[in-house]
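The working numbering puts the sequence shown at residues -7 to 61. For each residue, glycine too, the CB sits at the ideal point set by N, CA and C. Before any comments, here is the structure.
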Amino acid sequence: MGRFKLVDVEVMLSWASSMTWKGLYPILSLSKTAYQKGISLTKKAMKQVESRLQRNPLLPKWDILIQQL
């Protein structure tokens, strides 16, 4: 895989869509929703999100598998 300069959305989506993990390609969608800063989830809502995450013990902040609903 070559080097890419991630300068715009099209380049980023193209680069990300070419990645595979165990032979699977990602499903990508661009969200143009602007979220307000300083807003956070309730503890209950965050527990629902966290229940779908599997964190790698070696890289818990960076290597996360998100389970489908």
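C-beta contact flag for residue i and residue j at 9 Å
i     : j     : result
Leu45 : Leu57 : yes
Leu5  : Leu20 : yes
Val41 : Leu51 : no
Those residues which DSSP pairs with residue i across a bridge
i     : result
Lys47 : Here residue 47 is Arg; the residue named in the question, Lys, does not match the sequence. In the DSSP output, where bridge partners are listed per residue, Arg47 has Ile56.
Trp13 : Leu16
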